[in-house]
Structure formats: structure tokens, C-alpha cells
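So the sequence shown is numbered by my numbering: it starts at 7 and just counts up by one. The beta-carbon is built from N, C-alpha and C at its ideal position, and this holds for glycine as well. Reading through the C-alpha cells given below for one structure.
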Amino acid sequence: NGMLLGILLLSIGCLLGGFQKQQQQQQPHLLIMGSAILYALLVTMKHLYIVLAPLYLIVILKHYCYHSIIPPPHTTTTRTTVKTFSLPRFLAVALVTGSTLIGPFMPFHRMGNGQLPQILSRLFPFGRGLVHDYWAGNVWALYVFADKCIGFTGRKLLPHISMLSQGLPDVPPSLAALCLLGGIMPAILCATKYKYNNNNNVVTDDTTTKFPLSLSSTTGVGIMFLHGIVFCSLSSFMLAYHVHEKAIMTAIVPMTLLVTSSPTHATLFWRLCALGHFGLLPLLFRPVELPFKIVAYVLYMAFSSYALDISLTSVDKCGIGILAVVSFFGEVLHPLLFQPWGLLEFLPLMMTSLVCAIGLIGCWIHEGMLMLQQLQL
């Protein structure tokens, strides 16, 4: 997973570098092609990243295949530059992307014997259910929790109402896919409607003077693209079928590229790390790992708060308190009071998932608002 996130960062870096060269009237072709190849390679290695494909397509099509040229002197237009579609650029991107996607599957196609259908069935194992055994902190965790509560209430308190005892209806993979498609649409629409001008090289707020580092060398479309990557990754984590808790890293890592652009982005990154990393702590479940994971988590969050000059609000402090209570219950009280008698075995994991789900949904909405603000600049 670390290697794949590194490939994603390389692809993003190449695309941002290509847009920067294009703004400086230099040749961006190698960097744009490199970005497309790296992303296609990334998808072949882990199809989790396919959710970013529409965003890559829109951004490269609109800002690379359509490019600005100086109109001939005899034209009647008053604009200094006009947008025109470049068929060679489009065919080049399609060629390198398509060959990278198809190439790894050719040996299996030549082998025959139903190899390709077998691969597809393993890529999309819908039989595993809507959620993982340890619920990821997303929308479906809240849905499954509501289902459990309604079913328990119906069986224990209102057994004569069969509808309640059955709980909420199951969510099929097709419905989850539709929800995910709707979840990434804001990013697609923002990328489609975004118009570059000379005043939007950097997207900040009024308090950016706290940050000597900035994204001043990144074009406005690059900033929009980064927001789209983070938002689509969060949408995938929130709405995709059978999501693992580790998938939150696909949003946290790209968010680091925006963290120095403004205190608002830094605060969102800090909250995303606090909740996302907290949801990963139960993966280190052995008692000998307890001191390490607690100390590492606390030190990282404290250093991040200091380095980014985070001003914690009352909501942030309340959230930290809730996370501390959940951690203390799961690591101390539950093993002493419940675990010896085999009671409520999954209660700590459920509490962790629900708390992280509520907080991460708030971060998802906040990121969407920041992304939409780019259209106004």
C-alpha cells in the first residue's frame, strides 16, 4: 500500500509539473504522459484507485487535450488566445494509457481457460458483504449500526412487528456503486466547470501569512485537481462496497500536498489524521503493541499540531476527549470487565468505527466545501 501511494504521488506530481510547464509556455508532453502511464499502472496494481479515473480523464482532456493557441492575425476574435482540441495529444494519451492498462492482462488472455473471468471475480468479490468484519468508519458503518439497533429493538421490544425485527434492507453492490458515483460527481462537476485565470494560481484564505511555504508554483487547475483527488478518495472510503479501514490513507496522503496552502487546509488535514489514524489503531491488537501505538499516535498528532500551528477549537478538544474515552474503554476497561466473560466482544471496534465515521463524514463535507470554493476564485 505504501508503494502504491508513492506511485499515486508520482502521478500527481507529474501532472502538476506538466500544467506548470504548460502555463510557462513550455512543452508539458513528457510529464503529462508520465502521469497517465503511472496512473494506469496504479489501477492495474490495485483497482481501488479506479475511482479517480473520471477526474483524471476530465482534467487531462480539458486542460491538456484542449490547449490555448494564439489566433492567426486575420481572425476577427478579440481574444489573445483561444482553446482548440488537439487530436494528436488525445491519441497519445489514449495510446499510452490503454497499452498500460491492457498489457498486464494479455498473458492471461493468451492462456485462455477462463483466466480473465476468474481475475474479474477476484477483483470485485461482492460476496464478502457490504462491510468488513471491522467496520471502516464510513457511511455504511452508521447504516449497519442503525440496522443492528432496529433489529434488536424489533426482536426484544416489539416482536409482533416483523418489519422491525428484520432491520434495514440489505444494500446491494449496484446501489453502493450508484451512491459512489453520486459521491464523486461534485469533484467531476468542479473539474468540468473550473476555468483557469491568472488570479487563481493559489487557493488560500486571509490568514495564509502563517505559512511561509505555499503552493505558489502550482497552477489553479492543479489546486482544483488536488482537491478532487482528496474528495474522490474520501467519497470512495465513505460509499464504496466492502471498504477496509486502511483505505482512508488514500485521502490522507494526497491531502499533505494541500496542508501548507492555508490554516483551514492544515486544520482539516489534522482532523483527518486524528480520526483516520485512530481508526487504524485496532489493527495493532496485541498487548505488547499497546504502548507503541499510543505513544506513536500521541507524538505524531502533537508534532503535527505544533508544526502546522493548529488552533484547536472547542469541537476539536471535545473530539479529542471522546477519542481518549473510547481508547481507554477499548484498551483497559473492556479487557478487564467484559472480555474475561466473553461479553460484547466487538463493542470496542464498533465504538471506534462509529466515532470515526461521524468525524470523517464531517471532514468529507468540509473538503467538499473547500473544493467548491475554488470555483469562486
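Identified DSSP bridge partners for V249: Bridge partners of V249 according to DSSP: V137.
F96, DSSP secondary structure in three states: helix
Under the three-state DSSP convention, the category S389 falls into: Nothing about residue 389 can be reported from this structure: the residues present for the chain run from 7 to 383 only.
Residue environment, G228, which counts as buried when at least 16 other CB atoms sit within 10 Å: With at least 16 other beta carbons inside 10 angstroms of its own, G228 counts as buried.
E373 - containing alpha helix (DSSP H), residue span: Where E373 is concerned, the enclosing alpha helix (DSSP H) stretches over L353 to Q379.
Proximity to S420 [Cα-Cα], best of R161, V265 and G348: The chain is shown only over 7 to 383; residue 420 falls outside these bounds and no answer can be derived.
Sequence-distant residues of the same chain with beta carbon closer than 6 Å to S241, five excluded per side: G189 and I190
Host alpha helix (DSSP H) of W146 (start-end): Where W146 is concerned, the enclosing alpha helix (DSSP H) stretches over V145 to K162.
Backbone CA spacing between Q121 and S105 [nearest angstrom]: 19 Å
Own chain partners of L10 with C-beta closer than 7 Å, once the 5 adjacent residues on each side are dropped: L48, M51 and K52
Per-residue DSSP class, three states only, for R128: helix
Among A98, A330 and A363, nearest to L278 - alpha-carbon criterion: With distances taken between Cα atoms, L278 lies closest to A363.
Cβ distance (whole Å) where P179 is taken to contact Y247 below 8 Å: 5 Å
Which listed residue (T103, K68 and L181) has its alpha carbon closest to that of S92: K68
For G285, the first and last residue of its enclosing alpha helix (DSSP H): Note, G285: premise wrong, no alpha helix (DSSP H); not H, not E.
contact_flag[the segment 339-349, the segment 128-139] where n(CB pairs < 8 Å) is 3 or more: The segment 339-349 makes no contact with the segment 128-139: fewer than 3 CB pairs, one atom from each, lie closer than 8 Å.
Start and end residues, alpha helix (DSSP H) containing V332: Per DSSP, the unbroken alpha helix (DSSP H) holding V332 starts and ends at S320 to F334.
Cβ-Cβ separation, L366 to L281 (assumed contact under 8 Å), whole Å: Between L281 and L366 a beta carbon distance of about 5 Å is seen, short of the 8 Å cut, so the two are scored as contacting.
Per-residue burial, L339 [other beta carbons within 10 Å of its own, 16 or more giving buried]: Counting every other CB atom within 10 Å of its CB across the protein chains shown gives L339 a total below 16, marking it as exposed.
Buried/exposed call for D212, threshold 16 Cβ in 10 Å: Reliability fails at D212, whose pLDDT of 43 lies under 50, so the model's placement of it is uncertain and the value that follows must be treated cautiously. Exposed, since its Cβ has fewer than 16 Cβ neighbours within 10 Å.
When Q30, Q29, Q31 and Y45 are compared against G19, the one with the closest alpha-carbon: Closest option to G19, Cα to Cα, is Y45.
Length of the line joining the Cα atoms of Q379 and P260: 19 Å
C196 beta carbon less than 8 Å from that of L381: yes
Beta-carbon proximity list for P354, same chain, < 6 Å, skipping 5 on both sides: For P354, where only same-chain residues beyond five positions count, the Cβ hits under 6 Å are G336 and H340.
Within 8 Å, strictly: CB atoms of I66 and A100: no
DSSP-derived helix/strand/coil call for S105: Correct three-state label for S105: helix.
Distance between Y140 and P113 (C-alpha atoms, nearest Å): 36 Å
Cβ-Cβ distance between A142 and F243 below 8 Å: yes
Reference V249; option with closest CA among L376, Q33, L136 and A59: L136
For I316 and A253, the rounded distance between their alpha carbons: 25 Å
Span separating the alpha-carbon of Q30 from that of L21: 14 Å
Residue burial classification, N204 (beta-carbon count within 10 angstroms, cutoff 16): Any reading at N204 is ruled out, since the residue's pLDDT is 41, under 50, leaving its predicted position unreliable.
Status (buried if at least 16 other CB within 10 Å, exposed otherwise) for L126: exposed
Option in K154, S268, A182 and L329 with minimal Cα separation from V57: A182
Contact check, T273 vs L54, beta carbons under 8 Å: no
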